[in-house]
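Structure record follows, encoded as structure tokens.
There are 2 protein chains.
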Amino acid sequence: MSDSGRKPPEANPTATVPKVVVSRLSLYLRELQQLVRDGQETTNSTQLGELLGVTAAQVRKDLAYFGQFGYPGIGYRCQELIVEFKRILGTTQPWGVALIGIGNLGRALLRYRGFASQGFRIAAAFDVDVQVIGTTVEGIDVYAMDTLTDQVKKMEIKLAMIAVPAVAAQEVADRLVAAGIEGLLNFAPVTISLPDHVQTVGVDLAIELEQLSFAVVTHGRKT
Amino acid sequence: MSDSGRKPPEANPTATVPKVVVSRLSLYLRELQQLVRDGQETTNSTQLGELLGVTAAQVRKDLAYFGQFGYPGIGYRCQELIVEFKRILGTTQPWGVALIGIGNLGRALLRYRGFASQGFRIAAAFDVDVQVIGTTVEGIDVYAMDTLTDQVKKMEIKLAMIAVPAVAAQEVADRLVAAGIEGLLNFAPVTISLPDHVQTVGVDLAIELEQLSFAVVTHGRKT
DNA sequence: TAGATTGTTAATCGATTAACAATC
DNA sequence: TAGATTGTTAATCGATTAACAATC
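Just so you know, the sequences run in chain order P and D. One gets my numbering by counting positions in the first sequence from 1 and adding 269 to each. One gets my numbering by counting positions in the second sequence from 1 and adding 269 to each.
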């Protein structure tokens, strides 16, 4: 029942996974965690599809990129999928994350409770403001930007969130890259140029509202 | 030079625009605004493509969904495109936005400077906490949830941002819909069920970090 | 066994790219 | 005019869907 070692969770490692499939993987994970909280032990492609608004065929195709996780006639065991998806997404072990910029948004991110449960821990915060350097916010020490490289290396931090003003974002990104950071979550509303080996994800809150605006003005007339 | 009324900015209104094209439209707009700040008056599909990391052909195809905005041999006038894109996205006139939940994230959103410049203004804030009801945060009045319908109707608010705990998100959404809200930006890490005529965009910060994690662990091995 | 549901193949659909005549 | 760049068409590529044998 727990670990009968039946199916081979080995996918084609050369197959390149479409970005949109990876984003759905996170959504599946979120729904699975909700199902478990609701006491459900198994699910199936039809249910997962309904929860995400996609077809059952797509759910099965998505999962097939990563391996065989299902039981024909039964469906999927929620807890098993959660473990697999976390492994695939790389969040089995918690990541230490650096936060740059302790302004409005930075403080909100420091206080945000939703990171820890998904395997992310803000390990250190950085700012240029002498008023906040040396203080502790939500139990996290705020360091001067000068100490970035040292701290990042000492704490083996690989991910960073940029919550500085737009004009400073590129320079901060350059320093993070120089310090050896491998992935950046950028909240500044600018495109950042980075070497190929550094990954970036951008979150622009105004753009999200723009997308909503478009959806509303075009109304029912579909996307 | 300014408004010679040459080309017809009329697109096929029945053509359904792919969601991914609309998201690139926002990115084009952001780059165009940056180009104007940098003093550039015209651009072309090659430059816009480089800024976004897409091909020039794709830029031209994207724009073709909405009309003919270019000048063969010249390219595009930045300021003209900005005006057109804002019209298409529906942000020519500013939207009043309701904010629900004045916690960590809600306060950061209230203070965020990036909304106004893109045509969004937080018009009213709501919470259940009697400690904050009746106060003013960043010049915005905080109201009790009971007054939601009245305020939304009085201020003709059509968009709302949900920044409440996950467990409360669905109920808040239901009340917003009952109040006549047409679009929701949901920051709670849950899927919200809504009637078809109400548009939703979800922003889940932990999911963004998960996507980054995946990109880092799969490293260079592409997407 | 009968019923349910998977994983996978083939068919369909849609988006991206390349090429080029039309235009400034 | 010659050069540059658009808008659009056709070709390619990739993702989604439908169907079904295999499996529990």
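Beta carbons: idealized from backbone N, C-alpha and C, even for Gly.
Residue i in three-state terms, based on DSSP
{"i": "D/Leu454", "result": "strand"}
{"i": "D/Arg382", "result": "coil"}
{"i": "D/Phe354", "result": "helix"}
{"i": "P/Ala475", "result": "helix"}
{"i": "D/Phe483", "result": "helix"}
{"i": "P/Tyr340", "result": "strand"}
{"i": "P/Gln468", "result": "strand"}
{"i": "D/Thr404", "result": "coil"}
{"i": "D/Ala280", "result": "A caution first: D/Ala280 carries a pLDDT of 44, below 50, which makes its placement in the model unreliable, though a value can still be read off. D/Ala280 falls in the coil class under three-state DSSP."}
{"i": "D/Ala447", "result": "helix"}
{"i": "P/Gly388", "result": "coil"}
{"i": "P/Tyr334", "result": "coil"}
{"i": "D/Ala432", "result": "coil"}
{"i": "P/Leu463", "result": "coil"}
{"i": "P/Thr492", "result": "Reliability fails at P/Thr492, whose pLDDT of 41 lies under 50, so the model's placement of it is uncertain and the value that follows must be treated cautiously. It is coil, neither helix nor strand."}
{"i": "D/Thr418", "result": "helix"}
{"i": "D/Val397", "result": "coil"}
{"i": "D/Val366", "result": "strand"}
{"i": "D/Val323", "result": "coil"}
{"i": "P/Thr315", "result": "helix"}
{"i": "D/Ser273", "result": "In this prediction, D/Ser273 has a pLDDT of 35, which is less than 50 and means its spatial position is unreliable; nothing more can be read from the coordinates."}
CB-CB length for residue i against residue j, believed under 8 Å
{"i": "D/Leu481", "j": "P/Gln468", "result": "6 Å"}
{"i": "D/Val406", "j": "P/Gly452", "result": "33 Å between Cβ atoms; not a contact."}
{"i": "D/Phe395", "j": "D/Tyr381", "result": "17 Å between Cβ atoms; not a contact."}
{"i": "D/Gln327", "j": "D/Gly318", "result": "7 Å"}
{"i": "P/Ile351", "j": "P/Gln302", "result": "6 Å"}
{"i": "P/Leu454", "j": "P/Val470", "result": "5 Å"}
{"i": "P/Leu374", "j": "D/Ala377", "result": "5 Å"}
Residue-level contact to chain P via CB, residue i, 8 Å cutoff
{"i": "D/Lys422", "result": "no"}
{"i": "D/Pro458", "result": "yes"}
{"i": "D/Gly449", "result": "no"}
{"i": "D/Gly370", "result": "no"}
{"i": "D/Gly359", "result": "yes"}
{"i": "D/Gln468", "result": "yes"}
{"i": "D/Tyr381", "result": "yes"}
{"i": "D/Arg293", "result": "no"}
{"i": "D/Gln362", "result": "no"}
{"i": "D/Asn373", "result": "yes"}
{"i": "D/Phe335", "result": "no"}
{"i": "D/Ala377", "result": "yes"}
{"i": "D/Arg306", "result": "no"}
{"i": "D/Val472", "result": "yes"}
{"i": "D/Ser314", "result": "no"}
{"i": "D/Gly408", "result": "no"}
{"i": "D/Arg365", "result": "The sequence given here places Gly at residue 365 of chain D; Arg does not occur at that position. No - not a single Cβ of chain P is within 8 Å of the one on D/Gly365."}
{"i": "D/Phe483", "result": "yes"}
Residues near residue i in its chain [Cβ-Cβ closer than 8 Å; skip 5 each side]
{"i": "P/Phe258", "result": "An answer regarding residue 258 of chain P cannot be provided, because it is not within the stretch 270 to 492 covered by chain P."}
{"i": "P/Gln439", "result": "Val459, Ile461 and Ser462"}
{"i": "P/Thr285", "result": "none"}
{"i": "P/Leu379", "result": "Leu368, Ile371, Ile391, Ala394, Val406, Glu407 and Ile409"}
{"i": "D/Glu349", "result": "Phe338"}
Other residues of its chain near residue i: CB distance less than 7 Å, five sequence neighbours each side excluded
{"i": "D/Val421", "result": "Ala367, Ala448, Gly449 and Ile450"}
{"i": "P/Asn313", "result": "Gly344 and Tyr345"}
{"i": "D/Val433", "result": "Ile369, Gly370, Val441 and Ala457"}
{"i": "D/Leu296", "result": "Leu321"}
{"i": "D/Ala311", "result": "Looking at the sequence shown, residue 311 of chain D is not Ala but Thr. So the qualifying residues of the chain are Ile343, Gly344, Tyr345, Arg346 and Cys347."}
{"i": "P/Arg329", "result": "Ser314"}
{"i": "P/Gln387", "result": "Thr360"}
{"i": "D/Ala475", "result": "Pro458"}
8 Å Cβ cutoff, residue i in contact with chain D
{"i": "P/Phe389", "result": "yes"}
{"i": "P/Ile476", "result": "yes"}
{"i": "P/Ala393", "result": "no"}
{"i": "P/Val486", "result": "yes"}
{"i": "P/Phe384", "result": "yes"}
{"i": "P/Phe338", "result": "no"}
{"i": "P/Lys330", "result": "no"}
{"i": "P/Glu479", "result": "yes"}
{"i": "P/Leu320", "result": "yes"}
{"i": "P/Ala280", "result": "Any reading at P/Ala280 needs caution, since the residue's pLDDT is 43, under 50, leaving its predicted position unreliable; the model's value is listed next. Output row for P/Ala280: interface = no."}
{"i": "P/Leu463", "result": "no"}
{"i": "P/Gln439", "result": "no"}
{"i": "P/Gln303", "result": "yes"}
{"i": "P/Asp454", "result": "Note that residue 454 of chain P is Leu in the sequence shown, not Asp. Yes, its Cβ sits closer than 8 Å to a Cβ of chain D."}
Residues near residue i in its chain [Cβ-Cβ closer than 6 Å; skip 5 each side]
{"i": "D/Asp331", "result": "Val290 and Arg293"}
{"i": "P/Val397", "result": "Met414"}
{"i": "P/Ala435", "result": "Ala457, Pro458 and Val459"}
{"i": "P/Leu298", "result": "Phe354"}
Subject >> Inter-stretch contact at 8 Å, needing at least 3 Cβ pairs: the stretch 411-427 of chain P / the stretch 355-371 of chain P >> reply: Between the stretch 411-427 of chain P and the stretch 355-371 of chain P, the count of Cβ pairs shorter than 8 Å is three or higher; the stretches touch.
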